[in-house]
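See below for the structure under consideration.
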Amino acid sequence: MAPPTPIIQTFETEEQVAVALAVYILHLSAKFIAANGSFSVVLSGGTLIDTLRKLVEPPYVDSIEWSKWSIFFLDERVVPLDHPDSNYKLAYDGFLSKVPIPESNIYPIKERLSPSDTADEYEQRLKQLVANNTLRTSPNTGFAKFDLMLVGMGPEGHVASLFGWHFQRFEKKRWVTFITDSPKPPPPRITFTFPLINSASEIAMVVTGEDAADAVNVALGKHASYGYPLPVQKVSPEGGLTWFLDMAATSELRKIDTGM
Ligand SMILES: O=C(O)[C@H](O)[C@@H](O)[C@H](O)[C@H](O)COP(=O)(O)O
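Those letters in the sequence shown? Residues 1 to 260, per the UniProt record's numbering, in order.
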């Protein structure tokens, strides 16, 4: 079955993106908790965590059943969890420390393993969570089916730690893989693979700021089907895909094509 058509939402400012994202997450949280009694959320690092700031403020923060949430990491830098480069630390300081999600529902990487062992261990943990019905499975792919992934994009179109000319983006079998030469520092990371990402129920692509404008133009502009796809163009979940963009991120997309 063809994936559903993406919904593209553009807002004047990043502040408006933050509000719209909070409303979207609030609705999905209520919907999945009503249906399944739980809500599994996967976080990217980067500016996304700051764009989640409205969710931890009234009225949103008080309308969410945080005890039903579980938190996973789309990609993670292989550093201790209290290291300034850690996505867990970024998420904890900016988001997780401000909401009552039970600690046992938060799934950071295991520290002090090699990148390869860190990826293996995280993948095994996800498989155990599927086996004990904490996570659901996609009947189509056999991969875990997360309720919501919140995905950022780098200026050259990477998502998670899946970069343009690095082989990890082609992985078909693994759920979680590793990279030791990430072009975005720090080099050692683990990352969800595309088959796992695209098994999700809902993905929000949250992209703000002028640095992203060229890649947004490639991904969503009229030449999107030309040439070799950026990693972001391979985000195509079974469920819904919603883009949250500010005007700065769409500045190239909105330029009138004069043919010159
Ligand atoms: O660990 C990471 O670096 C992130 O998970 C990465 O994939 C991020 O989401 C993008 O690079 C966008 O980052 P910005 O929002 O900071 O541009």
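Where is the CB? At the ideal position from N, CA and C, for every residue including glycine.
**Message:** Check this for me: beta carbons of VAL216 and ALA224, under 8 Å apart or not?
**Reply:** no
**Prompt:** Is THR47 near ligand 1, going by C-beta to nearest heavy atom under 7 Å?
**Reply:** yes
**Message:** Taking the beta strand (DSSP E) that SER70 belongs to, which residues open and close that run?
**Reply:** For SER70, the enclosing beta strand (DSSP E) covers residues 69 to 73.
**Item:** Three-state secondary structure assigned by DSSP to residue 290
**Value:** No answer is possible for residue 290: it lies beyond the span of the chain, which begins at 1 and ends at 260.
**Prompt:** Can you list, in chain order, the stretches of the alpha helix (DSSP H) that have 4 or more residues and sit fully within the region 157 to 242?
**Reply:** The region 157 to 242 contains, as complete alpha helix (DSSP H) runs of 4+ residues, the segments 194 to 197 and 213 to 220 (chain order).
**Asked** What are the boundary residues of the beta strand (DSSP E) that includes ILE8?
**Response** Segment 7 to 11, the beta strand (DSSP E) holding ILE8.
**Request:** Kindly indicate which three-state DSSP category THR51 falls into: helix, strand or coil?
**Result:** helix
**Asked** What residues are listed by DSSP as bridge partners for ILE106?
**Response** ILE71
**Request:** Note down the Cα distance separating GLN233 from ASN198, rounded to an integer number of angstroms.
**Result:** 12 Å
**Request:** Could you tell me whether any non-hydrogen atom of ligand 1 is closer than 7 Å to the CB of HIS158?
**Result:** yes
**Stretch-stretch touch, CB-based, cutoff 8 Å, three pairs: the region 38 to 48 with the region 148 to 156** = yes
**Distance, SER38 Cα to ASN133 Cα** = 11 Å
**Prompt:** If you draw a straight line from the C-alpha of LYS110 to the C-alpha of THR242, how long is it?
**Reply:** 31 Å
**Given ILE8 as reference, the closest of ASP214, MET205, GLU15 and PRO187 once Cα atoms are compared** = MET205
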